[in-house]
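Sequence order for the protein chains is A and B. Heads up: the first sequence at position 112 corresponds to 119 in the working numbering, and the numbers run straight through without jumps. Heads up: the second sequence at position 167 corresponds to 174 in the working numbering, and the numbers run straight through without jumps. Ideal Cβ positions, reconstructed from N, Cα and C, are used throughout, including at glycine. Every value quoted in this text rests on a predicted model; they were computed, and no experiment measured them. Only one structure is covered here, and it is reproduced in the block below.
2 protein chains.
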Amino acid sequence: MRVSELVAETGIPLATVKYYLREGLLMPGAATSATRSEYDDRHVHRLALVKALSGLGLPIPKIKVILELIDAPSSSLFDSLGEAIGALPPYVSSDGDFPRAEAVLADLGQVYDPSYVGVAQLESALRAAEEVGIPMTDDRLRAYGKHIMGLAEADVAAMPKATADAIEYAVLGTAIYEPVIAAMRRLAHQDIAAKKLHGERQGPDVR
Amino acid sequence: MRVSELVAETGIPLATVKYYLREGLLMPGAATSATRSEYDDRHVHRLALVKALSGLGLPIPKIKVILELIDAPSSSLFDSLGEAIGALPPYVSSDGDFPRAEAVLADLGQVYDPSYVGVAQLESALRAAEEVGIPMTDDRLRAYGKHIMGLAEADVAAMPKATADAIEYAVLGTAIYEPVIAAMRRLAHQDIAAKKLHGERQGPDVR
């Protein structure tokens, strides 16, 4: 297809498509003349992925990291997944020690790469909870650990086999389901509150 | 204590304290002369709360909604909790229909207030997953529902009894533990991947 058809198919403006081509986020089409290139489904797919990652708030250099891993994964899928997920927000400093996160992971008996940015993200999140005066208790961390492992198992069970697909799925699934989990947790709180506070409020306006 | 001691105690600059007083986010001290007021632990506590909410990215009007509910809760704790949590980000439109969210809540058998912003947040999150090409399957939603209910039960079990404390805890706990859950989920993925991809990578650099 021509670039105009690519624009029509993806709904991404021509100027943006050209920008992605210049930045190397979209691979070039096959040149059919000095001024014309031919694009195909791979370009449609790549544009949808770039749009999704951009919509998740990733800056261009972080999107590039992910695309490069999809196009040329490390020899180890484990490493590729870690690097690709590490390109997602939140962006926290990986310098320093992570005593809170390491204590939690040791207590839960989880295997982890100490240089994985997830360790720094957990440290930062646990420190923030302390700072607002509601540190995570050991009991709650264990309850969380068990249920979050259940969520993660459902995620990994649905991971595609092919490496490039697995990386793309892991990146999108990690980020896109976080707001789903956050909203479902708020609604679960409401369900429990409604049942616990039964009698305090009832009626046709609560389903 | 004097305002200078309040500044020293909380680490919040004087200009910010004065701004919070003008905006009504901090209740006035007891006037001891024409130019001097006396502050106490309630002011220290309130400043810590405003700082925490501000750090979570809440704009001033949303912080006010929460403080007003803490100072003068609705007659129903259920309603107060819903309104206070509704002041947290993400801010999504509550207009329109929520077919995806309502189908999920019906399938999970959860009680909910249809006007609660959590319903709109879930709808928005589910729509985003569809748009990037990885819609939630029914199986995954059920697995998520079970484990997220487990997280929520741990949260509600630790909720203080007094209404003002309960509202404050619910607001801070809802927001501050979301990044903890997100980081723990990423680390749970890594734990599962390490065990699943066993043999592909092993050694002293993975704990």
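- Query: In chain order, what residues of the same chain have a beta carbon less than 6 Å from the beta carbon of residue 211/A, not counting five sequence neighbours either side?
  - Reply: No answer about residue 211/A holds up, because its pLDDT of 40 lies below 50 and its placement is not dependable.
- Message: Tell me the rounded alpha-carbon separation between residue 73/B and residue 201/A.
- Response: Counting only the Cα atoms, residue 201/A lies some 20 Å from residue 73/B.
- Message: Strictly below 7 Å CB to CB, what residues from chain A border residue 98/B?
- Response: Neighbours of residue 98/B on chain A: none; closest Cβ ~12 Å, over 7 Å.
- Task: Look up residue 43/B in the DSSP assignment and give the residues it is bridged to.
- Result: According to DSSP, which records beta bridges pairwise, residue 43/B is partnered with 40/B.
- Item | Inter-residue spacing [alpha-carbon to alpha-carbon] between residue 20/A and residue 14/A | The alpha-carbon atoms of residue 20/A and residue 14/A are separated by roughly 6 Å.
- Query: Can a CB atom of chain A be found closer than 8 Å to the CB of residue 8/B?
  - Reply: Taking CB atoms only, residue 8/B has no neighbour in chain A less than 8 Å away.
- What did DSSP end up calling residue 140/B once you bin it into helix, strand or coil? The answer is coil: DSSP assigns residue 140/B none of H, G, I, E or B.
- Is the Cβ of residue 27/A closer than 8 Å to any Cβ of chain B? For residue 27/A, the answer is no, since every Cβ of chain B falls outside 8 Å of its Cβ.
- Would you report the Cα separation of residue 195/A and residue 117/B, rounded to the nearest angstrom? It is roughly 7 Å from the alpha-carbon of residue 195/A to the alpha-carbon of residue 117/B.
- At 7 Å on the CB atoms, spell out the chain A contacts of residue 147/B, in chain order. Chain-order list of chain A residues neighbouring residue 147/B: 161 and 165, by C-beta distance under 7 Å.
- Give the range of the alpha helix (DSSP H) segment to which residue 172/A is assigned. 170-203 is the extent of the alpha helix (DSSP H) around residue 172/A.
- Message: Please identify the residue among 136/A, 198/A, 71/A and 169/A whose C-alpha is closest to the C-alpha of residue 63/B.
- Response: Restricting attention to 136/A, 198/A, 71/A and 169/A, the CA atom closest to the CA of residue 63/B is found in 136/A.
- Query: Can you list, in chain order, the residues of its chain whose CB lies under 6 Å from that of residue 208/A, leaving out five sequence neighbours each side?
  - Reply: In this prediction, residue 208/A has a pLDDT of 48, which is less than 50 and means its spatial position is unreliable; what the coordinates show is noted afterwards. Excluding sequence neighbours, residue 208/A sits near nothing in its chain.
- Given residue 178/A as reference, the closest of 113/B, 139/B, 204/B and 77/B once Cα atoms are compared: Per the Cα distances, 139/B.
- Between the CA atoms of residue 115/A and residue 164/B - distance to the nearest angstrom: Each residue's Cα considered, the two are about 21 Å apart.
- Boundaries of the alpha helix (DSSP H) in which residue 67/B is found, first to last residue: Taken as a continuous stretch (DSSP letters only), the alpha helix (DSSP H) holding residue 67/B covers 67-78.
- Report the residues of the segment 71-95 of chain A with a CB closer than 8 Å to any CB of chain B, ordered along the chain. Residues passing the 8 Å Cβ filter: 83, 84, 85, 86, 88, 89 and 92.
- Query: So is residue 34/B buried or exposed if we call it buried at 16+ other beta carbons inside 10 Å?
  - Reply: A residue is called buried once 16 or more other Cβ atoms fall within 10 Å of its Cβ, and residue 34/B, having fewer, is exposed.
- Under a three-way DSSP split, which group does residue 117/A fall into? In this structure, residue 117/A counts as coil in the three-state DSSP scheme.
- Item | Sub-8 Å separation of residue 95/A and residue 181/A beta-carbons | For residue 95/A and residue 181/A, yes; Cβs fall inside 8 Å.
- Query: In chain B, what lies closer than 7 Å to residue 179/A by C-beta?
  - Reply: Ordered by position in chain B, the residues that pass the 7 Å Cβ test against residue 179/A are 139 and 141.
- In angstroms with no decimal places, state the Cα-to-Cα distance between residue 41/B and residue 29/B. Residue 29/B has its alpha-carbon roughly 17 Å from the corresponding atom of residue 41/B.
- Label residue 25/A either buried or exposed according to how many other C-beta atoms from any shown protein chain fall within 10 Å of its C-beta, with 16 as the threshold for buried. Exposed.
- Quick one: is residue 106/B near chain A, going by C-beta distance under 8 Å? For residue 106/B, no Cβ of chain A is located within less than 8 Å of the residue's own Cβ.
- Message: Checking 8 Å against the spacing of the C-beta atoms, do residue 175/B and residue 56/B come in under that value?
- Response: Annotated as proximal: residue 175/B and residue 56/B, with beta-carbon spacing under 8 Å.
- Quick one: grab the DSSP three-state call for residue 81/B. Coil at residue 81/B, not helix or strand.
- Message: If the cut-off is 9 Å on Cβ atoms, which residues from the segment 187-205 of chain A count as contacting chain B, listed in chain order?
- Response: Within the segment 187-205 of chain A, the qualifying residues are 187, 188, 189, 190, 191, 192, 193, 194, 195, 196, 197, 198, 199, 200, 201, 202, 203 and 204.
- Task: With a threshold of 16 other CB atoms inside 10 Å of the CB of residue 31/A, please say whether the residue is buried or exposed.
- Result: Exposed is the call here.
- Near-chain B residues of the segment 111-136 of chain A - C-beta to any C-beta below 9 Å: So the close ones are 111, 112, 113, 115, 116, 117, 118, 119, 120, 121, 122, 123, 124, 125, 126, 127, 128, 129, 130, 131, 132, 133, 135 and 136.
- Between 27/B, 146/B and 18/B, which lies nearest to residue 161/A when the distance is taken from Cα to Cα? From the listed residues 27/B, 146/B and 18/B, the smallest Cα separation to residue 161/A is found for 146/B.
- Message: Please confirm whether residue 158/B has its beta-carbon closer than 8 Å to some beta-carbon of chain A.
- Response: Residue 158/B counts as touching chain A.
- Partner residues on chain A for residue 185/B, Cβ-Cβ distance less than 9 Å: Within 9 Å of the CB of residue 185/B, the CB atoms of chain A belong to 132, 185, 188, 189 and 192, in sequence order along the chain.
- DSSP on residue 101/B, reduced to helix/strand/coil? Looking at residue 101/B - three-state DSSP - the assignment turns out to be coil, as it is neither helix nor strand.
- Is residue 9/A helix, strand or coil when you go by DSSP? Residue state, collapsed to three classes: coil.
- Query: Which residues bound the alpha helix (DSSP H) around residue 56/A?
  - Reply: 48-62 is the extent of the alpha helix (DSSP H) around residue 56/A.
- Item | Neighbour-count burial assignment, residue 144/A, 16 or more Cβ in a 10 Å radius | Around the CB of residue 144/A, fewer than 16 other CB atoms lie within 10 Å, so the residue is classed as exposed.
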